[in-house]
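>
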Ligand code: BTN
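Below you can see the structure in the form of structure tokens.
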């Protein structure tokens, strides 16, 4: 179990046909804050920021993201897509499909599911989370930072997460090289964002629906309660056929 090796990570990226900025930190508050600061200083589309450890890793809402050193992958990518902020939820799902595919490439058979809107699950536990944050400036297209946390080597989680979190190591993952996984995620996130900007969610909808963790479950989202009947072309969750735009999902059965 070692620290990231920036040279090896870059070599993997090159092998995946990628160039572009990558910065690797030993310890940082949040890679998404590093990406946002770099964006304000002029970083371009695809610039990536990786850390061995985050001291203030965050998830959606006011959740923290468990970010111990040298165990998992924590990274953020600057995205300057030509899309509106309204498309962010759908972009999050497109990135989720990309992250789920990376998870599956380390398993013997496809097991990664997507729990709308931003979680990747294996065996009913969360293995990865995606956080897309936007800055809006007047009428200009929003500037985005996509943060990805993927649990790779962690074998223990704090008590409050133990029942809900898992890692590639815990689900029998193979070839768990964090430099390579980080490079693969960066390449796939860039590609998924570009594909989304060009074609929207349509090309990945079949994969998304195949991986839909909530399908047929009874849920509560905000003040809506019902059975999940799917995800529509705009990335909205369908509860008893009614589209839901956003919200924390509670599974009732
Ligand atoms: C969630 O599940 O709510 C999203 C979790 C996103 C975590 C990643 S780790 C890298 C990046 N930096 C952060 O502070 N958060 C994201």
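Numbering (my numbering), first residue to last: 62 to 314. From the three backbone atoms N, C-alpha and C, an ideal C-beta is built for every residue, glycine too.
Residue 88 lies in the alpha helix (DSSP H); which residues open and close that run?
It is not in any alpha helix (DSSP H) - residue 88 instead sits in the beta strand (DSSP E) that spans 83 to 89.
> Residues bridged to residue 175 by DSSP?
Partner(s): 181, 273.
> I need the straight-line Cα distance from residue 258 to residue 142, nearest angstrom please.
Cα to Cα, residue 258 sits roughly 6 Å from residue 142.
> Can you check which of these residues, 245, 299, 101, is closest to residue 76 by C-alpha distance?
The shortest C-alpha separation from residue 76 is found at 245.
> Could you tell me the boundaries of the alpha helix (DSSP H) in which residue 311 lies?
Here residue 311 belongs to no alpha helix (DSSP H); instead the beta strand (DSSP E) covers 310 to 312.
> Could you please give me the residues that DSSP links to residue 303 through a beta bridge?
DSSP output for residue 303 lists 300 as bridge partner(s).
> Should residue 78 be listed as close to the ligand BTN, given that the test is whether its C-beta is under 6 Å from any heavy atom?
No, the ligand BTN has no heavy atom inside 6 Å of this Cβ.
> If you drop the 5 nearest sequence neighbours on each side, which residues of the same chain put their C-beta closer than 6 Å to that of residue 140?
Excluding residues within five positions, the ones whose Cβ falls inside 6 Å are 205, 207, 254.
> Just to confirm, is the Cβ distance from residue 135 to residue 210 under 7 Å?
Yes, the Cβ-Cβ distance between residue 135 and residue 210 is below 7 Å.
> Do three or more CB pairs link the region 272 to 291 to the region 98 to 112 at distances below 8 Å?
The region 272 to 291, when compared against the region 98 to 112, does not touch it at the 8 Å Cβ threshold.
> If you draw a straight line from the alpha carbon of residue 224 to that of residue 191, how long is it in whole angstroms?
Using only the alpha carbons, I get a separation of about 20 Å.
> Which same chain residues end up closer than 6 Å to residue 132 when comparing Cβ atoms and leaving out the 5 residues on each side of it in sequence?
Result list for residue 132: 214, 215, in chain order.
> As an exercise, report each continuous alpha helix (DSSP H) stretch of at least 4 residues that is fully enclosed by the region 157 to 238, in chain order.
Runs of the alpha helix (DSSP H) inside the region 157 to 238: 220 to 223.
> In the DSSP assignment, find the alpha helix (DSSP H) that holds residue 93 and state where it starts and stops.
Segment 92 to 101, the alpha helix (DSSP H) holding residue 93.
> Assuming contact is defined by CB atoms lying nearer than 7 Å, are residue 155 and residue 262 in contact in what I supplied?
For residue 155 and residue 262, yes; Cβs fall inside 7 Å.
> Looking at C-alpha atoms only, which residue of 87, 97, 106, 124 is the closest neighbour of residue 115?
Taking only the C-alpha atoms, the option nearest residue 115 is 87.
> If we ignore side chains and look at the alpha-carbon of each, how far apart do residue 176 and residue 186 end up?
Cα to Cα, the separation comes out at about 10 Å.
> Could you check if residue 225 belongs to the surroundings of the ligand BTN, using beta carbon to heavy atom distance under 6 Å?
Because no heavy atom of the ligand BTN lies under 6 Å away, the Cβ of residue 225 does not count as near it: no.
> Is the Cβ-Cβ distance between residue 292 and residue 269 less than 7 Å?
For residue 292 and residue 269, yes; Cβs fall inside 7 Å.
> Suppose the cutoff is 8 Å on Cβ atoms and the five residues either side in sequence are ignored; what does the same chain contact list for residue 184 look like?
The residues are 172, 227, 232.
> Tell me which residue opens and which closes the alpha helix (DSSP H) that residue 71 is part of.
It spans 67 to 76 - the alpha helix (DSSP H) in which residue 71 sits, taken as one unbroken run.
> I believe residue 108 touches residue 82 by the beta-carbon criterion, under 8 Å. Please report the beta-carbon distance rounded to the nearest angstrom.
Correct: roughly 4 Å between the Cβ atoms.
> Specify, as a first and last residue, the run of the beta strand (DSSP E) that residue 284 falls within.
Residue 284 -> no beta strand (DSSP E), and no H or E assigned at all.
> How far does the beta strand (DSSP E) with residue 263 in it extend, from its first residue to its last?
Where residue 263 is concerned, there is no enclosing beta strand (DSSP E), given that its DSSP letter is neither H nor E.
> Who are the near neighbours of residue 297 in its chain, counting only those whose CB is closer than 7 Å to its CB and skipping five residues on each side?
The answer, listed in chain order, is 304, 305, 306.
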